[in-house]
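In the working numbering, the protein residues as written are -3 to 166. All residues carry an ideal CB built from backbone N, CA and C; glycine is no exception.
Below, the structure written as structure tokens:
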């Protein structure tokens, strides 16, 4: 590609000076690549001019701009979320670096072990209470309602205990 071929885009746009336009038109007589490009551009332009224009509603611009604003708001929300996650991870890594990896791992180990022990204790309590209730009430017609009621209470207590336990850990 020589220097004259680089003038192709400006020739198509019509922004060349008269001298350079004459130079480029002489160049088209010898350069088949540039000649094909100009012909292709003219064909595309002619075909585009054949497409009928469409009348859009007067409020079209307002609708498009409203959608753009909504998209920007969503995009800003994702940027904020991504930034917060990045800062959290960065601070976590810095904290782990200064505290020491072994201390962090041991803290997670003891936390998970405490949660596991708590779950086992709760399961044992549910089993014990259920067995005691079964022995007290025996097999009856409405005992499943009593079991359901007591299980609901135990589940509520369990959820409350987990919430308070997680607040204490923080």
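Would you identify the three-state DSSP class for residue i, choosing helix, strand or coil?
i: residue 27; result: coil
i: residue 113; result: helix
i: residue 96; result: coil
i: residue 45; result: helix
i: residue 0; result: coil
i: residue 10; result: coil
i: residue 182; result: Outside the displayed span of the chain (-3 to 166) sits residue 182, for which this structure offers no information.
Please say whether residue j and residue i have beta carbons closer to each other than 8 angstroms?
i: residue 20; j: residue 0; result: yes
i: residue 36; j: residue 30; result: no
i: residue 33; j: residue 3; result: no
i: residue 154; j: residue 118; result: yes
Which same chain residues end up closer than 6 angstroms to residue i when comparing Cβ atoms and leaving out the 5 residues on each side of it in sequence?
i: residue 7; result: 20
i: residue 18; result: none
i: residue 170; result: Within the shown structure, residues of the chain are numbered from -3 to 166, placing residue 170 beyond reach of any answer.
For residue i, which residues of its own chain have a beta-carbon under 7 angstroms away from its beta-carbon, when the five flanking residues on both sides are left out?
i: residue 27; result: 1
i: residue 16; result: 3
For the 8 angstroms Cβ check, are there 3 or more pairs between the stretch 37 to 45 and the stretch 59 to 75?
no
The stretch 109 to 128 touching the stretch 81 to 91, judged by at least three CB pairs closer than 8 angstroms
no
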